Amino acid sequence: MSKKKSTPERNATHMLRYLFQIEQSIRNGEYPNANKLNEKLRTNFSRSTFGRYIDILREEYDAPIEFDFRKNGYYYTDSTFSLNQVMLKEGELLTLSTILPLLEQYKNTPMEKSYRDLMQKLIKMLPDTITVD
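Numbering (the numbering used here), first residue to last: -15 to 117.
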């Protein structure tokens, strides 16, 4: 059986999936670290890769994550935080709104369903009301 070719889209999809799994584990109070997550997901993350994912959550999503040395894992300092509640900045909202018309060029192509599914996921993640900073 051949290994699937690595593409930027596949890598981005995997990264997002792992970010959400890490976030869910933190939100569930599991105090994840690289070893615990590897065991749970049957993956083989290095500590540095796991650390990069934590950095992405902190820097890109403003996740209030800290490390608890007694429990040897990460936790949220604000228990109300969730990636599903991340607010979009004005530029990000503008970017998202410009993508929608571009989807028309993929109508009736093999990529149409993938892009539409992705957009539906993004839309579900958005709150009912969007605030612009």
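Glycine included, every Cβ here is placed at the ideal spot set by N, Cα and C. Just so we're clear, the structure is a prediction, and the values are computed from it rather than from any experiment.
Through-space distance from residue 54 to residue 84, alpha-carbon basis = Indexing the sequence shown from 1 puts residue 84 at position 100. Indexing the sequence shown from 1 puts residue 54 at position 70. About 47 Å.
Consult DSSP for residue 50 and reduce its assignment to one of helix, strand or coil.
-> In the sequence shown, the residue the question calls residue 50 occupies position 66. If DSSP states are grouped into helix, strand and coil, residue 50 belongs with the strands.
Just curious, the alpha helix (DSSP H) that residue 13 is in, first and last residue?
-> Counting from 1 along the sequence shown, the entry for residue 13 is found at position 29. First-last for residue 13: undefined, no H or E at that position.
Do residue 11 and residue 60 have their C-beta atoms closer together than 8 Å?
-> As a first step, residue 11 is located in the sequence shown; it is residue number 27 there, counting from the start. As a first step, residue 60 is located in the sequence shown; it is residue number 76 there, counting from the start. Yes. Within cutoff.
For the alpha helix (DSSP H) containing residue 37, list its first residue and its last residue.
-> On the sequence shown, position 53 is the one that residue 37 refers to. Element bounds for residue 37: 31 to 45.
Applying the criterion that 16 or more other CB atoms from any shown protein chain within 10 Å of the CB defines a buried residue, is residue 78 buried or exposed?
-> Position 94 of the sequence shown, counting from 1, holds the residue named residue 78. Under this definition residue 78 is an exposed residue.
Under 8 Å between the Cβ atoms of residue 21 and residue 6?
-> Mapped onto the sequence shown, residue 21 falls at position 37. Mapped onto the sequence shown, residue 6 falls at position 22. Against a cut-off of 8 Å, the Cβ pair of residue 6 and residue 21 comes out as a contact.
What is the C-beta distance between residue 65 and residue 48, in whole angstroms, given that I count them as a contact (C-beta under 8 Å)?
-> Looking up residue 65 in the sequence shown gives position 81. Looking up residue 48 in the sequence shown gives position 64. Indeed they touch by this definition, with Cβ atoms about 6 Å apart.
Roughly how many whole angstroms lie between the Cα atoms of residue 88 and residue 82?
-> For this step, residue 88 is matched to residue 104 along the sequence shown. For this step, residue 82 is matched to residue 98 along the sequence shown. Taking the straight line joining both Cα atoms gives about 12 Å.
With a Cβ-Cβ cutoff of 8 Å, do residue 45 and residue 67 count as a contact?
-> Along the sequence shown, read from residue 1 onward, the residue named residue 45 stands at position 61. Along the sequence shown, read from residue 1 onward, the residue named residue 67 stands at position 83. The answer is yes: Cβ separation under 8 Å.
Can you have a look at residue 86 and say buried or exposed, based on whether 16 or more other CB atoms are within 10 angstroms of its CB?
-> In the sequence shown, counting from the first residue as 1, residue 86 sits at position 102. It counts as exposed.
Out of curiosity, what's the CA-to-CA distance linking residue 19 and residue 43?
-> Stepping through the sequence shown from its first residue, residue 19 is reached at position 35. Stepping through the sequence shown from its first residue, residue 43 is reached at position 59. About 23 Å.
Which one or two residues does DSSP pair with residue 57 in a beta bridge?
-> Taking the sequence shown and counting its residues from 1, the one referred to as residue 57 is at position 73. Note: residue 57 sits in a beta bridge opposite 52.
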